[in-house]
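Here the structure comes first, spelled out in structure tokens, and everything after it is commentary.
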Amino acid sequence: MNADPEPLPLPPAPSRLPHPRAGRLIAVLLLSFVLGLAWLLAGQWQSESSRVALEDLRARSVRLHHLDTLLLQMLDAESSVRGYLLTQNPVYLTPYQDGQAALESTLAALRADTWADERQRETVDHLALLIDMRWSLLTRAITRGVPPGADQPDGGTGKQVTDDIRARILALRNETQAEIDATQEGAFARFADARTMNRVLGASVLALLLVLVVVLYRQDRLRERMAQLLRSENERLHTEVAHRTEELSSLATYLTNAREAEQARLARELHDELGALLTAAKLDAGWIARKLPTDAVAPMRSRFDRLLDTLNQGIALKRKVVADLRPPLLSELGLIEALRALPDSGDIGEHGGQFEIDLPDALPDVPAQTALALYRIAQEALTNVRRYAQASAVRLRLRVEGDELVLAVDDDGVGFDPAARGHNRHGLAGMAHRVQMLAGRLEIVSAPGKGTRITARVPFARMH
0 MNADPEPLPL PPAPSRLPHP RAGRLIAVLL LSFVLGLAWL LAGQWQSESS RVALEDLRAR
60 SVRLHHLDTL LLQMLDAESS VRGYLLTQNP VYLTPYQDGQ AALESTLAAL RADTWADERQ
120 RETVDHLALL IDMRWSLLTR AITRGVPPGA DQPDGGTGKQ VTDDIRARIL ALRNETQAEI
180 DATQEGAFAR FADARTMNRV LGASVLALLL VLVVVLYRQD RLRERMAQLL RSENERLHTE
240 VAHRTEELSS LATYLTNARE AEQARLAREL HDELGALLTA AKLDAGWIAR KLPTDAVAPM
300 RSRFDRLLDT LNQGIALKRK VVADLRPPLL SELGLIEALR ALPDSGDIGE HGGQFEIDLP
360 DALPDVPAQT ALALYRIAQE ALTNVRRYAQ ASAVRLRLRV EGDELVLAVD DDGVGFDPAA
420 RGHNRHGLAG MAHRVQMLAG RLEIVSAPGK GTRITARVPF ARMH
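Counting from 1, position 277 in the sequence shown corresponds to residue 276 in numbering that gives the first Met the number 0; the numbering is continuous, with no gaps.
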């Protein structure tokens, strides 16, 4: 009795692969995004504050211009009146005559200006009253023909009004200039803050970019290491699988050869021992029937006939079993005749379908092992047809194609899905292994409801 085969050792556990830490990369990217957004917002704030400061400076510069223009217009009007009164030349009155509309336009611009303090607006309104008063004095002087304040040592009321106008314009101008200076100082301070912020944010972004480069470099190195480990692991697994496949193939080959050897031994013993016993029993029964008197045999004739018939059936059954275990036609007449006799062996007889055989008249020299493998493949294929296919037509073909010997079995049965795994497909696995032993290939083409075609291709180069 053969000992149970030892179980195959399990492959060693795969090497532990390093896991890339994506959290660090995500954190660096997120922080870079936040700093970049802060830098963008800081630049936006800086540009907006600069725009506001420039608009404020422009508005206050326009205000200064209006104040200076107002004072110049007032002084030009006074000079024009004095020149006219001294020379009585109407040409000198042109600035006075054109100045009133200009003064009103300048005052309107000052009133429409945006003043930060209500007191300043009141000053502008009072300034307008003073200018109206001074203008009235100039008009009266032209009418009288005497310069205003000429009869008074201190210049009279006109000079006081002019001085008051000059003082108020100067006050407004100084306040506006102070606002301009404050705006400039604030802008410079914001520029300094923005420059500092840009330096900090820029340095931070550059530092994060450097960290990102380092992280990406380490990630790349880690991926290379993982790829190398995976390649090594795949090579190890491939070698292990190839080794196990070779072991299983060797074991399957050994079992197949052992089964064929055991079947051959059983066939010989059945043919030699059981065949001899059955033949001897048949001869003895016939001898007894001939030697006994006729009147003694007559009552037992039916039993003698039944005994002889039973012995004949036993001999026929023995021949069938021996033929299944070791087909005599294969060793005596070759593969073609053995395949030609397959329909007569009852493999598809239960279906009663049409069976077609397409075999060549002769074949090149085929080794016994190859012939036996092809015969078993055909036998198993026809057995599957009889059991499962429910076919009405079956075709068995054997032909030579180039440097290959091709055996094909076709049926028009129910078919199946070759890709679906099943627990009852050991016959197909056995056929595939027999073809693999001969360095050939097995092709199975089938689909539910479309029949099945099984083709075994064996190269002549590997037969010898």
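Beta carbons are placed, not taken as given, at the ideal position from N, Cα and C, and that holds for glycine. Treat the numbers as computed from the prediction; the structure is a model and nothing was measured.
Nearest in C-alpha terms to Met73, of all of Val160, Ala390 and Met225, is Val160. Annotated three-state conformation of Gln87 is coil, per DSSP. A direct Cα-Cα distance of roughly 21 Å separates Leu310 from Leu324.
A distance below 7 Å between beta-carbons, with the five flanking residues on each side excluded, links Asp411 to the following residues of its chain, in chain order: Ala390, Ser391, Ala392 and Gly450.
Asp411 carries a coil assignment under DSSP once its states are collapsed to helix, strand and coil. The shortest CA-to-CA distance from Ala337 to any of Leu316, Ala388 and Leu397 is the one to Leu397.
Collapsing the DSSP output to three states places Val365 in coil.
The beta-carbon distance between Tyr95 and Ala76, rounded to whole angstroms, is 5 Å. This is short enough to meet the 8 Å contact definition.
Taking a C-beta distance under 7 Å as the contact criterion, Ser445 and Gly426 do not qualify as a contact pair.
In this structure, His65 lies near Thr105, with their beta-carbon atoms less than 7 Å apart. Rounded to whole angstroms, the separation of the alpha carbons of Leu40 and Leu200 is 11 Å. Counting every other CB atom within 10 Å of its CB across the protein chains shown gives Leu229 a total below 16, marking it as exposed. Residue state for Thr93 is assigned as helix, using DSSP reduced to three classes. Collapsing the DSSP output to three states places Ala52 in a helix. If you ignore the 5 residues before and after Ile25, its C-beta comes within less than 7 Å of no other C-beta in its own chain. Assignment of beta-bridge partners to Glu403 by DSSP yields Glu400 and Pro458. Annotation: Tyr91 to Gln99 spans about 15 Å, alpha carbon to alpha carbon. DSSP places Asp357 within a strand segment (E or B) once states are collapsed to three.
Judged by beta-carbon spacing, Leu29 lies beyond the 7 Å limit of Ser203, meaning their Cβ atoms are not closer than that value.
The beta-carbon distance between Arg59 and Thr175, rounded to whole angstroms, is 5 Å. This is short enough to meet the 8 Å contact definition. At least 7 Å separates the beta-carbon of Ala370 from that of Leu328.
At the C-beta level, Glu379 and Met430 come within 7 Å of one another. Per the Cβ contact rule, the region 243 to 261 is not in contact with the region 281 to 291 (fewer than 3 Cβ pairs under 8 Å). Within the same chain, no Cβ atom closer than 7 Å to the Cβ of Asp283 is found once the five residues on either side in sequence are excluded. Around the beta carbon of Arg133, 16 or more other beta carbons sit within 10 angstroms, so the residue counts as buried.
Going by DSSP, Ser445 is part of the beta strand (DSSP E) stretching over Arg440 to Ser445. In the displayed model, Leu437 falls within coil according to three-state DSSP, outside both helix and strand. In the three-state reduction of the DSSP assignment, Ala115 falls in the coil class, being assigned neither a helical nor a strand state. Here Lys319 is not near Leu273, since their CB atoms are 7 Å or more apart. With a threshold of 16 other beta carbon atoms within 10 Å, Glu232 falls short and is exposed. For the options Arg81, Ala101, Thr86 and Gln43, the alpha carbon positioned closest to that of Leu70 is the one of Ala101. In this structure Val214 does not touch Val51 by the C-beta definition: roughly 41 Å separates them, more than the 8 Å allowed. With contacts defined as CB atoms closer than 7 Å, Ser48 and Arg189 qualify as a contacting pair. When the Cα atoms are used, Ala407 and Glu234 turn out to be separated by approximately 37 Å.
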